[in-house]
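Visitor: For the sequence shown, full-length UniProt numbering begins at 1 and goes up steadily by one. A virtual CB, placed ideally from N, CA and C, is assigned to each residue, including glycine. Nothing here was measured: the structure is a model prediction, and the numbers come from that model.
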Amino acid sequence: MTDLRHLWRPASEAFDIEAARAAFPALSQLAYFNFGARGVMAQAAIDSITEAQNTLQSVGPGSRMGAAFLRRQESGLLNCLAARLGAEPQELVFCSSISQGLSLAFAGLEWRRGDVLLIGEAEPPGSWLWARVLERRYGVTLRSVQRPYDGADFAQRLSESLCSRTRMVLLSHVDWVTGAALDLAGFVTTVRSGVAQETVIAIDGAQSAGARAVDLKGLDIDLYAVSAQKWFGGPDGLAACVLRGDRLLPSQIGWHAIDRNAPEALSLSSGAAGFGCGSLPVGLMPGWRTALECADRFAAPEQRFARIRHLTAHLRAGLSELCQRYEMLKLLGNRSGAGILALSVPQRDAEILLRALDAQGMVARLHSWPHSVRFCLHYMTRESEIDRLVAMTSDIFARGSLPGR
Numbered sequence: 001m002t003d004l005r006h007l008w009r010p011a012s013e014a015f016d017i018e019a020a021r022a023a024f025p026a027l028s029q030l031a032y033f034n035f036g037a038r039g040v041m042a043q044a045a046i047d048s049i050t051e052a053q054n055t056l057q058s059v060g061p062g063s064r065m066g067a068a069f070l071r072r073q074e075s076g077l078l079n080c081l082a083a084r085l086g087a088e089p090q091e092l093v094f095c096s097s098i099s100q101g102l103s104l105a106f107a108g109l110e111w112r113r114g115d116v117l118l119i120g121e122a123e124p125p126g127s128w129l130w131a132r133v134l135e136r137r138y139g140v141t142l143r144s145v146q147r148p149y150d151g152a153d154f155a156q157r158l159s160e161s162l163c164s165r166t167r168m169v170l171l172s173h174v175d176w177v178t179g180a181a182l183d184l185a186g187f188v189t190t191v192r193s194g195v196a197q198e199t200v201i202a203i204d205g206a207q208s209a210g211a212r213a214v215d216l217k218g219l220d221i222d223l224y225a226v227s228a229q230k231w232f233g234g235p236d237g238l239a240a241c242v243l244r245g246d247r248l249l250p251s252q253i254g255w256h257a258i259d260r261n262a263p264e265a266l267s268l269s270s271g272a273a274g275f276g277c278g279s280l281p282v283g284l285m286p287g288w289r290t291a292l293e294c295a296d297r298f299a300a301p302e303q304r305f306a307r308i309r310h311l312t313a314h315l316r317a318g319l320s321e322l323c324q325r326y327e328m329l330k331l332l333g334n335r336s337g338a339g340i341l342a343l344s345v346p347q348r349d350a351e352i353l354l355r356a357l358d359a360q361g362m363v364a365r366l367h368s369w370p371h372s373v374r375f376c377l378h379y380m381t382r383e384s385e386i387d388r389l390v391a392m393t394s395d396i397f398a399r400g401s402l403p404g405r
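1) Any chance you could list the alpha helix (DSSP H) runs of at least 4 consecutive residues sitting entirely within the stretch 232–258, in chain order?
2) Is it true that the stretch 343–360 meets the stretch 243–256, where meeting means three or more beta-carbon pairs spaced less than 8 Å apart?
3) Below 8 Å on the Cβ atoms is my guess for Cys95 versus Ala291; work out the distance and round it to an integer in Å.
4) Quick check on DSSP: helix, strand or coil for Ile221?
5) Just curious, the alpha helix (DSSP H) that Cys323 is in, first and last residue?
6) Based on the DSSP output, what are the partners of Arg143 in its beta bridges?
7) Taking Leu311 as the reference, give the member of Tyr326, Pro370 and Arg382 with the closest Cα.
8) Note down, one range per segment and in chain order, each alpha helix (DSSP H) of at least 4 residues found wholly within the stretch 125–199.
9) Please classify Val133 as buried or exposed, where buried requires at least 16 neighbouring CB atoms within 10 angstroms.
10) Answer yes or no: do Ser172 and Ala196 have a C-beta to C-beta separation smaller than 8 Å?
11) For my contact list, Arg212 and Ala42 are in at a C-beta cut-off of 8 Å; report their separation, rounded to the angstrom.
12) Can you tell me whether DSSP reads Asp349 as helix, strand or coil?
13) What are the residues that DSSP puts in a beta bridge with Lys330?
14) From this set, Ser320, Asn79, Gln53 and Gln303, which residue's C-alpha is nearest Tyr379's C-alpha?
15) Specify the secondary structure class of Phe375 as computed by DSSP and reduced to three states.
16) Pull up the DSSP beta-bridge partners for Arg71, would you.
17) In chain order, what residues of the same chain have a beta carbon less than 6 Å from the beta carbon of Phe106, not counting five sequence neighbours either side?
18) Comparing C-alpha positions only, which one of Trp369, Phe33 and Val59 sits nearest to Ser344?
19) Mapping the DSSP letters down to three states, classify Asp395 as helix, strand or coil.
20) Quick one: what does DSSP say Met41 is sitting in, helix, strand or coil?
21) I'd like to know whether the C-beta atoms of Ala206 and Ile98 end up nearer to each other than 8 Å.
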């Protein structure tokens with residue numbers, strides 16, 4: 001494995017942003033504001049994947065040594081993730097994406113006509129597509145919780161949306177467009193103390209884990225999904241779910257789900273292991289684990305998350321000033337967001353603005369739900385990049401028309 005000792009810094013030493021940035025090849029030429037879609041990988045994480053593949057091919061991927069190597073990679077990553085999520089390793093199961101992980105909740109119930117699925121207005125299209133499929137296939141009733149998830153009246157609105165037929169509640173921990181954060185503990189308490197105490201609680205953690213502290217310890221949730229390639233800075237093609245309780249039935253079944261200690265040859269494992277799929281891209285796991293370790297060596301989690309909050313406030317101030325100057329602009333979300341801000345822009349202007357930023361080496365994301373340009377900030381973002389982003393956006397709108405219009 002890649003030697004990361006040269007990256008280690010004492011907790012008392014100031015966070016060196018330039019040393020951190022130097023580890024990420026993409027940051028040498030880009031002002032990157034799209035971590036919420038795909039993050040950038042450290043060279044050490046990239047190298048660890050190559051080294052893992054070389055090791056597998058040198059010992060034979062199907063040999064006893066190869067199998068032992070793969071088990072070590074899987075176990076090591078499970079332990080790393082569990083420590084960062086407030087979970088136990090045996091509560092975790094791997095999958096290929098957030099969408100696949102959340103499908104374990106959607107497909108894990110025996111739905112009946114008239115059952116209610118309560119889903120957040122702000123959920124990504126993949127979750128809403130699943131909801132529509134359940135509506136058509138089983139006659140499930142869909143109800144939605146409106147934005148914002150962090151409003152003063154959210155608990156009341158949530159409680160009023162629940163009923164005795166509510167079988168599942170699905171929300172994002174962090175709104176993928178506005179960055180508004182759900183009070184997870186308060187949310188669980190509201191659901192579990194209401195009329196739907198035994199409903200399945202599924203959480204999309206795509207925009208939270210890696211950008212803010214996530215502690216699931218003691219929370220009565222059924223599923224919490226995270227992915228490697230966003231804020232964690234890992235490779236595409238890997239995700240994981242924390243699975244708890246027995247409200248969900250296994251629906252993703254493969255050889256990983258076999259209970260090898262059962263007296264019968266073909267028995268499902270209990271708990272999260274029973275949701276295991278078939279072959280996984282185990283060769284990518286060292287990349288995810290190394291990405292986690294790299295971040296910790298640059299700065300403690302609390303330092304990284306505090307810096308993300310600081311940078312978000314810095315960008316919010318700049319964008320707020322633009323919104324006061326140009327009436328067609330609107331800043332989405334409020335001050336609870338950390339890492340994500342979106343600027344509502346007329347549809348055609350948004351597309352042209354995104355292209356103009358891209359031409360200057362600034363990578364952002366266009367959203368259509370609602371129509372906006374989204375900016376994601378990580379601990380390695382420079383304040384000067386934010387200033388440049390705001391200045392360029394201001395300059396574009398100051399001309400009265402966007403380039404290419």
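Guide: Reading from the atomic positions:
1) none
2) no
3) In the sequence shown, residue 95 corresponds to position 95, counting from 1. In the sequence shown, residue 291 corresponds to position 291, counting from 1. Actually they do not touch by this definition, with Cβ atoms about 18 Å apart.
4) Mapped onto the sequence shown, residue 221 falls at position 221. If DSSP states are grouped into helix, strand and coil, Ile221 belongs with coil.
5) Within the sequence shown, the letter at position 323 stands for residue 323. Cys323 -> alpha helix (DSSP H) spans Pro301 to Arg325.
6) For the purposes of this step, residue 143 is taken as the residue at position 143 of the sequence shown. DSSP, once it has assigned bridges, lists Leu118 as partnering Arg143.
7) Counting from 1 along the sequence shown, the entry for residue 311 is found at position 311. Nearest C-alpha to Leu311: Arg382.
8) 125–138, 154–161 and 184–192
9) Counted from its first residue, the sequence shown places residue 133 at position 133. Val133 is exposed by the Cβ-count criterion.
10) Here the question's residue 172 lines up with position 172 in the sequence shown. Here the question's residue 196 lines up with position 196 in the sequence shown. No, these two residues do not count as a Cβ contact at 8 Å.
11) Within the sequence shown, the letter at position 212 stands for residue 212. Within the sequence shown, the letter at position 42 stands for residue 42. About 20 Å separates the two Cβ atoms, so there is no contact after all.
12) Counting from one through the sequence shown, the residue named residue 349 turns up at place 349. It is helical.
13) On the sequence shown, position 330 is the one that residue 330 refers to. Per DSSP, Ser344.
14) What you label residue 379 is simply residue 379 of the sequence shown in a count that begins at 1. Checked all of Ser320, Asn79, Gln53 and Gln303; the closest Cα to Tyr379 is Gln303.
15) Taking the first residue of the sequence shown as 1, we reach residue 375 at position 375. In this structure, Phe375 counts as strand in the three-state DSSP scheme.
16) Sequence index remark: in the sequence shown, residue 71 carries index 71 (1-based). None; Arg71 has no bridge partner.
17) What you label residue 106 is simply residue 106 of the sequence shown in a count that begins at 1. Only Trp130 meet the Cβ criterion.
18) Along the sequence shown, read from residue 1 onward, the residue named residue 344 stands at position 344. For the residues Trp369, Phe33 and Val59, the minimum Cα distance to Ser344 belongs to Trp369.
19) As a position in the sequence shown, residue 395 is number 395, starting the count at 1. Asp395 falls in the helix class under three-state DSSP.
20) By one-based count along the sequence shown, residue 41 stands at place 41. Met41 falls in the coil class under three-state DSSP.
21) Numbered from its first residue, the sequence shown carries residue 206 at position 206. Numbered from its first residue, the sequence shown carries residue 98 at position 98. Yes, the Cβ-Cβ distance between Ala206 and Ile98 is below 8 Å.
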